[in-house]
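Asks: Handing you a structure now.
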Amino acid sequence: MASPAPKSPEQSEKSKKYDRQLRLWGDHGQAALETCHVCLINATGLGTEVLKSLVLPAIGAFTIVDGKKITEEDLGTNFFLDVDSVGKPRAQIATQLLLELNPDVKGDYVDECPEQLLENNPNFFTHFTVVIAIALSERVLIPLSKSLWAANVPLIVAKSCGLIGYARIQLREHTVVESHPDTQNPDLRLDRPFPALLRHVESIDLDGMDLKDHAHVPYVVPLLKCLQAWRSQHGGNLPANYKEKENFRMEIRKCIRLNEDGVPEAEENFEEAIRAVNFATLPTGISKDVQDILKDDSCINLTSKSKPFWIMARALQDFVANEGEGLLPLRGSLPDMTADTTGYIALQQIYQQESLRCAEIVHRRAQHLVHHLGLADDLITEADTRLFCKHASDLAVVRGTSIADEYDPKTPNASYITQQLDDPTSLMVYYVMLRGVDKFYAEYNTYPGEFNVEADIVKLKGCISKLLGEWGCTSVAKDDYVHEICRYGGSEWHSVSAFIGGCVAQEAIKLITGQYKPVNNTFIYDAITSNTETFTF
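To get this note's numbering, take the position in the sequence shown, counting from 1, and add 24.
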């Protein structure tokens, strides 16, 4: 009687609960989420939508700063407030109801005006992992921006005005190890095969195999054998153009076994080798983005204040210049392919062992740098270095700009804004409108259209014209857009808040986990046409 198949290990309750997100950012990404502390300024409908999408995946903790009491108007735009809470502190009720979504999350609130809190305790906001500010006036936003910029704490500013949504990310420098590119070619190194791979491929006798084994040898083996033969006949060169690649494919096709009638057998592994020719014959190299990182001043001139990312980048640079012979560490993973289990695992282990060998060299170099800088020996672990080397081809560094600088009229954005405004498809016009709303609020302490639409149209148009004049832009405020913004009356529409809230939460998760590249730096959503656009200021 056959023995029963072994049972797969039981998932923990936590793994079951967060299964889908763990597939996106892994256990280490989840650990980063669970140790972070997010601050939300103003628990409006948009604010609670942001926190909802952070509480559900289990951030460690959040604090809401909001000095307002709940009004009946709040009930129409905020699902996290109820009719019994009118007159109570908005921060308190929002915190209580958001915590019901996930018992794994801790929450706190400060029932105080953000402006007062910033004046009384300027360092209050600098201790959070990320600060998210909703519907903040310029008077408060600019000093907050300066404070967080100096402390190197990421700030996300978001607004929802009628059918228009806006988000702006402020960060000094954000380093990304796992950028998760949409497309990525396998790192097979067939143009520069390492010794262990060569020995393995040379040890396999394709001609001596029976048909079953021949049809199940991993495609890397016949592909490399054919490539070696091609290069020996072409001065060591790879197939470079379309004609040469077609000829090379024909050479691979000749290796497919024929049946008794002279018809090629159905050998899917050889068909895979033929399909892989385009990427497998490309010279292995280092992308310009990664080269720029390795040449960056932060990589070359390390100090005791250097981030682990830059120390590992320097170790990587030294590896490339020495043991790597101009190449990055091998990624160590294989794509799926038609093969028997034994052959695939044997090849997989060869790639994994070479990847580990490269990572060990980089780690030794990183430890030497850590020791030289007088830092703690456990600052960079072997797991850190292995992860860094595995994703070395996809490293990214995002350097942002200060919101306070953006709001300074002397900042030279005029030509960029004018160029975008001249494009009828650009959403830059809504950026200008929202900045005009900020100026309107600063002058009149109300939102345009909140009480008198017709009277405020003229006032808002004047604010926008003044703003464009300060920037040195020759464009004029377009009446249709001004009328539409005034019609909104500064109100948050829940469908727009839900969308922008999800987007802001997604960007916050990118910053917290250090995975995926964040938006740089301004995001506009037009719910009228369902279009989005990003701008960099």
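In this text, a Cβ means the ideal position worked out from N, Cα and C, and glycines have one as well.
Predicted model only: the values in this text are computed from it and were never measured.
Which residues bound the alpha helix (DSSP H) around His61?
Replies: Note, His61: premise wrong, no alpha helix (DSSP H); beta strand (DSSP E) at His61 to Ile65.
Asks: Is it the case that the Cβ atoms of Leu80 and Leu125 are separated by a distance below 7 Å?
Replies: yes
Asks: Quick one: complete alpha helix (DSSP H) runs, 4+ long, within the segment 434–519?
Replies: 438–445, 452–468, 477–495 and 503–512
Asks: Exposed or buried, what is His240 when buried is set at 16 or more other beta-carbons lying within 10 Å of its beta-carbon?
Replies: buried
Asks: Along the chain, where does the beta strand (DSSP E) containing His198 start, and where does it finish?
Replies: Counted as a single uninterrupted DSSP element, the beta strand (DSSP E) harbouring His198 occupies residues Glu197 to Val200.
Asks: Alpha carbons only, please: which of Gly367, Pro146, Lys331 and Lys329 is nearest the one belonging to His238?
Replies: Gly367
Asks: How far does the alpha helix (DSSP H) with Ala82 in it reach, from first residue to last?
Replies: Per DSSP, Ala82 belongs to no alpha helix (DSSP H) and is neither H nor E.
Asks: For Asp550, which residues does DSSP report across the bridge?
Replies: Its beta-bridge partners are Ile188 and Asn555.
Asks: If we ignore side chains and look at the alpha-carbon of each, how far apart do Ser32 and Asp360 end up?
Replies: Unreliable placement is indicated for Ser32, whose pLDDT of 48 sits below 50; no coordinate value is reported for it.
Asks: The alpha helix (DSSP H) spanning Tyr266 covers which residue range?
Replies: Tyr266 to Arg277
Asks: I need the straight-line Cα distance from Ile324 to Lys434, nearest angstrom please.
Replies: 33 Å
Asks: Less than 7 Å between C-beta atoms, sequence neighbours within five positions excluded: which residues of the same chain meet that for Lys41?
Replies: none
Asks: Can you find the residues in the same chain that come closer than 6 Å, C-beta to C-beta, to Asp432, ignoring five residues on each side of it along the sequence?
Replies: none
Asks: For Leu380, which option in Asn293, Gly84 and Thr409 has the closest C-alpha, if you only look at C-alpha atoms?
Replies: Thr409
Asks: With DSSP run on the structure shown, which of helix, strand or coil describes Ala29?
Replies: Residue confidence for Ala29 is low, a pLDDT of 48 falling below 50, so the modelled location carries little weight; the figure read from the coordinates is stated next. Note: Ala29 maps to coil in three-state DSSP.
Asks: With burial defined as no fewer than 16 other Cβ atoms inside 10 Å of the residue's Cβ, what is the status of Lys485: buried or exposed?
Replies: When all chains shown are included, Lys485 counts as buried.
Asks: Let me check understanding here. Comparing Cα to Cα, which of Asn545, Val344 and Pro146 lies closest to Ala182?
Replies: Asn545
Asks: My output table needs one value for Arg216: the three-state DSSP class, helix, strand or coil.
Replies: coil
Asks: If we ignore side chains and look at the alpha-carbon of each, how far apart do Gly449 and Ala159 end up?
Replies: With the sequence shown as reference, residue 449 is identified as Thr, and Gly is not the correct amino acid for it. Distance between the alpha carbons of Thr449 and Ala159: 26 Å.
Asks: Using DSSP with H/G/I as helix, E/B as strand and the rest coil, what is Asp132?
Replies: The answer is strand: DSSP assigns Asp132 an E or B state.
Asks: So what does DSSP say about Pro167, is it helix, strand or coil?
Replies: Here Pro167 sits in helix by DSSP.
Asks: Measuring alpha carbon to alpha carbon, tell me which residue in Ala501, Gly424, Leu535 and Glu275 is nearest Phe559.
Replies: Gly424
Asks: Taking its Cβ as the centre, do 16 or more other Cβ atoms sit within 10 Å of Lys534, making it buried, or is it exposed?
Replies: Around the beta carbon of Lys534, 16 or more other beta carbons sit within 10 angstroms, so the residue counts as buried.
Asks: Assuming contact is defined by CB atoms lying nearer than 7 Å, are Gly526 and Ser77 in contact in what I supplied?
Replies: yes
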